[in-house]
Amino acid sequence: MKAIEIVKGVYWVGAIDWNIRDYHGYTLPGTTYNAYLIVGDKIALIDSAYTGFDQQIIERVRSVVDPKKIDYLIANHVEKDHSGTLPALTKMLPGVPIYCTANGKTGFSKYYDAKDWNFHIVKSGDTLSLGKGKTLAFLEAPLLHWPDSMFTYLAEEKILFPNDAFGQHIASSQRFDDQLGKEESLKHAQKFFANLIIPLAPRVLKKLEEVGSIKIEIKMIAPSHGVIWRSYVGDIVGSYVNWSNGVARDKVTIVYDTMHGSTDAMAKAFAEGIMDEGVEVKVCILKDGKSEGTHRSNIVPDMLDSKAILVGSPTLQNQMYPTVADFLSYLKGLDPGKLTHKKLGFAFGSHGGHGGTIKLITADLKAAGIEVINDGFEVYYKPDMTEIERCTEMGREIARRVKSL
18 MKAIEIVKGV
28 YWVGAIDWNI
38 RDYHGYTLPG
48 TTYNAYLIVG
58 DKIALIDSAY
68 TGFDQQIIER
78 VRSVVDPKKI
88 DYLIANHVEK
98 DHSGTLPALT
108 KMLPGVPIYC
118 TANGKTGFSK
128 YYDAKDWNFH
138 IVKSGDTLSL
148 GKGKTLAFLE
158 APLLHWPDSM
168 FTYLAEEKIL
178 FPNDAFGQHI
188 ASSQRFDDQL
198 GKEESLKHAQ
208 KFFANLIIPL
218 APRVLKKLEE
228 VGSIKIEIKM
238 IAPSHGVIWR
248 SYVGDIVGSY
258 VNWSNGVARD
268 KVTIVYDTMH
278 GSTDAMAKAF
288 AEGIMDEGVE
298 VKVCILKDGK
308 SEGTHRSNIV
318 PDMLDSKAIL
328 VGSPTLQNQM
338 YPTVADFLSY
348 LKGLDPGKLT
358 HKKLGFAFGS
368 HGGHGGTIKL
378 ITADLKAAGI
388 EVINDGFEVY
398 YKPDMTEIER
408 CTEMGREIAR
418 RVKSL
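First residue of the sequence shown? That's 18 in this note's numbering, and the numbers climb one at a time after it.
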């Protein structure tokens, strides 16, 4: 296993997890746990990986230097996919200084038997000189995305190590954005943002403003997952600003499930009306929620990119269909209402008794911070041609409203 030099004296020494398919409640095609070795007169290792990937990290370090020569461990984040290797490293390097935030020390002490660990607490503005023109600067980033999070910045090379920020879950032999490709890199970054960062959008904007105010120049962003941004730094930073502000296209996402085809017929009629007005639409049936295209985590990136979201469900035992309830529970946790520009919402469905599902959907959409257009539309049993035409016309009305935003 070999390290990859990203600039002179700075190496990617991470681990590739080719097999992981579910994490944080969403699907992924594998991932990387990125760690970085900085070699000056002194040697620092930034971040690590899950337990079980210890040898990948250590052997990649060994391809550059003797791992026992590491002088400092920089721990940007407590979460175990970035800290699981620390017990093995501290055992190999007894007494090695571990640089982290005060909240980081608290978290590590809860996760691990860390009573003998040599913690060095850092605050924003603190620095660490490694010699040979390599200075690390630290920037606290609480709740981006845990209370302990911090960024590390290699001043001379203008490289930002922001841990989870700007990351992507993808297992790949490509280490850089220009190798994977701009479109593919941004696609995976958008899914990462949609599933993890939406609730933190105001903090993202505040932190980017803070970085701008202290005039930190960034030539490269080396996150803890996915590819390193070296060619499209402006694109990913600009995308984070747009996503955090809720900037979206003239697009509508329709999310639903169906029991006997009635809600399905309604969803397709809404889509026809939306398309009649020249507005893009994405129709997403949830089904069992496990298939690649129907899992909630593959739908929320479309929601992020849309100005409106329509949610439909049949009534089952006076409740929403389970897959729809699951999606809306996930959506409430993401809290898209935190985005600067609110999204429009609309509920629809079918029933064979007393109905009422659209009221439940409407309540959940409002709880997610979405601006609900009206009371929704519900049909008894199978929609007839008049009701189908009504769905189509409401689709046109929603599309016109989207275009007016």
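For glycine and all other residues, C-beta sits at the position ideal for the given N, C-alpha and C. Just so we're clear, the structure is a prediction, and the values are computed from it rather than from any experiment.
Beta-carbon proximity check, residue i vs residue j, cutoff 9 Å
{"i": "Tyr89", "j": "Lys59", "result": "yes"}
{"i": "Ile316", "j": "Thr270", "result": "yes"}
{"i": "Ile253", "j": "Leu222", "result": "no"}
{"i": "Leu161", "j": "Leu110", "result": "no"}
{"i": "His312", "j": "Tyr43", "result": "yes"}
{"i": "Ala105", "j": "Ile75", "result": "yes"}
{"i": "Pro179", "j": "Phe193", "result": "no"}
{"i": "Phe136", "j": "Gly121", "result": "yes"}
{"i": "Gly47", "j": "Ile235", "result": "no"}
{"i": "Lys268", "j": "Ala325", "result": "yes"}
{"i": "Gly412", "j": "Ile302", "result": "no"}
{"i": "Leu177", "j": "Ile233", "result": "yes"}
Residues sharing a beta bridge with residue i, DSSP
{"i": "Ile21", "result": "Trp29"}
{"i": "Ser367", "result": "Pro331, Val396"}
{"i": "Glu157", "result": "Met167"}
{"i": "Tyr53", "result": "Trp29, Ile63"}
{"i": "His186", "result": "BP columns for His186 are empty, so no partner."}
{"i": "Trp246", "result": "Ile238"}
{"i": "Ala218", "result": "In the DSSP output, where bridge partners are listed per residue, Ala218 has none listed."}
{"i": "Ser146", "result": "Thr152"}
{"i": "Ala325", "result": "Val269, Leu361"}
{"i": "Asn212", "result": "Paired residue(s): none; Asn212 is not in a bridge."}
{"i": "Met292", "result": "DSSP output for Met292 lists no bridge partner at all."}
{"i": "Val300", "result": "Ile271"}
{"i": "Met337", "result": "Thr332"}
{"i": "Asp34", "result": "Thr48"}
{"i": "His137", "result": "Tyr116"}
{"i": "Ile74", "result": "None; Ile74 has no bridge partner."}
{"i": "Ile91", "result": "Ile63, Tyr116"}
{"i": "Ile176", "result": "Leu171, Met237"}
{"i": "Phe344", "result": "Partner(s): none; Phe344 has no beta bridge."}
{"i": "Phe193", "result": "Ile245"}
{"i": "Tyr128", "result": "BP columns for Tyr128 are empty, so no partner."}
Local Cβ density within 10 Å of residue i, reported as buried at 16 or more and exposed below that
{"i": "Pro240", "result": "buried"}
{"i": "Glu96", "result": "buried"}
{"i": "Leu145", "result": "buried"}
{"i": "Asp338", "result": "In the sequence under discussion, the amino acid at residue 338 is Tyr, which differs from the Asp named in the question. Under this definition Tyr338 is a buried residue."}
{"i": "Thr488", "result": "Since the first residue of the chain shown is 18 and the last is 422, residue 488 is not available in this structure."}
{"i": "Arg38", "result": "exposed"}
{"i": "Asn335", "result": "exposed"}
{"i": "Asp392", "result": "exposed"}
{"i": "Thr374", "result": "buried"}
{"i": "His358", "result": "exposed"}
{"i": "Tyr398", "result": "exposed"}
{"i": "Leu153", "result": "buried"}
{"i": "Ser421", "result": "exposed"}
{"i": "Asp293", "result": "exposed"}
{"i": "Gly243", "result": "buried"}
{"i": "Asp381", "result": "buried"}
{"i": "Asp83", "result": "exposed"}
{"i": "Asp98", "result": "buried"}
{"i": "Ile138", "result": "exposed"}
{"i": "Gln72", "result": "exposed"}
{"i": "Pro400", "result": "buried"}
Selected residue, minimal CA-CA separation from residue i, among the options
{"i": "Ile238", "options": "Ser230, Val272, Gly251, Leu161", "result": "Gly251"}
{"i": "Ala364", "options": "Phe394, Phe183, Ile415, His41", "result": "Phe394"}
{"i": "Ile405", "options": "Ile91, Glu289, Gly112, Val27", "result": "Glu289"}
{"i": "Ile231", "options": "Ile326, Ile187, Leu156, Ala325", "result": "Leu156"}
{"i": "Gly92", "options": "Met411, Thr102, Lys86, Arg220", "result": "The question names Gly, but residue 92 is Ala in the sequence shown. The shortest Cα separation from Ala92 among Met411, Thr102, Lys86, Arg220 belongs to Thr102."}
{"i": "Pro31", "options": "Ser65, Asp165, Val56", "result": "Just to set this straight, residue 31 is Gly in the shown sequence, not Pro. For the residues Ser65, Asp165, Val56, the minimum Cα distance to Gly31 belongs to Ser65."}
{"i": "Gly350", "options": "Ser190, Leu333, Ala384, Ile375", "result": "Ala384"}
{"i": "Phe287", "options": "Ala416, Pro46, Lys376, Gly57", "result": "Ala416"}
{"i": "Thr275", "options": "Val341, Leu153, Gly373", "result": "Val341"}
{"i": "Asn36", "options": "Ser189, Ala20, Leu382", "result": "Ser189"}
{"i": "Tyr170", "options": "Phe193, Gly184, Gly142, Ile33", "result": "Gly142"}
{"i": "Met283", "options": "Val264, Gly295, Val296, Ser330", "result": "Ser330"}
{"i": "Val24", "options": "Val258, Glu174, Leu377, Val389", "result": "Glu174"}
{"i": "Lys355", "options": "Val328, Asp71, Glu388", "result": "Glu388"}
{"i": "Tyr321", "options": "Lys224, Ala206, Thr379, Glu226", "result": "Looking at the sequence provided, one finds Leu at residue 321 rather than Tyr. Taking only the C-alpha atoms, the option nearest Leu321 is Ala206."}
{"i": "Pro318", "options": "Ile87, Arg266, Ser100", "result": "Arg266"}
{"i": "Val68", "options": "Ile33, Gly295, Ile55, Arg418", "result": "Going by the sequence as given, residue 68 is Thr instead of Val. Thr68 has its Cα closest to that of Ile33, out of Ile33, Gly295, Ile55, Arg418."}
{"i": "Arg1", "options": "Thr107, Gln196, Gly295", "result": "Because the chain here runs from 18 to 422, residue 1 falls outside it and cannot be looked at."}
{"i": "His428", "options": "Thr123, Gln73, Gly148, Ile87", "result": "Nothing can be reported for residue 428, as the shown portion of the chain is limited to 18 through 422."}
{"i": "Lys285", "options": "Met18, Asp165, Cys408, Ser256", "result": "Cys408"}
{"i": "Glu200", "options": "Ser166, Val272, Ser256", "result": "Ser256"}
{"i": "Lys224", "options": "Gln191, Leu197, Val258, Leu54", "result": "Val258"}
{"i": "Tyr262", "options": "Val396, Lys360, Tyr53", "result": "Reading off the sequence, residue 262 comes out as Asn, not Tyr. If we check each option's Cα against that of Asn262, Lys360 comes out closest."}
Check whether the stretch 74-85 and the stretch 116-126 are in contact - that is, three or more C-beta pairs closer than 8 Å. no
Closer than 8 Å is the cut-off here; do at least three beta carbon pairs connect the stretch 366-376 with the stretch 279-286? yes
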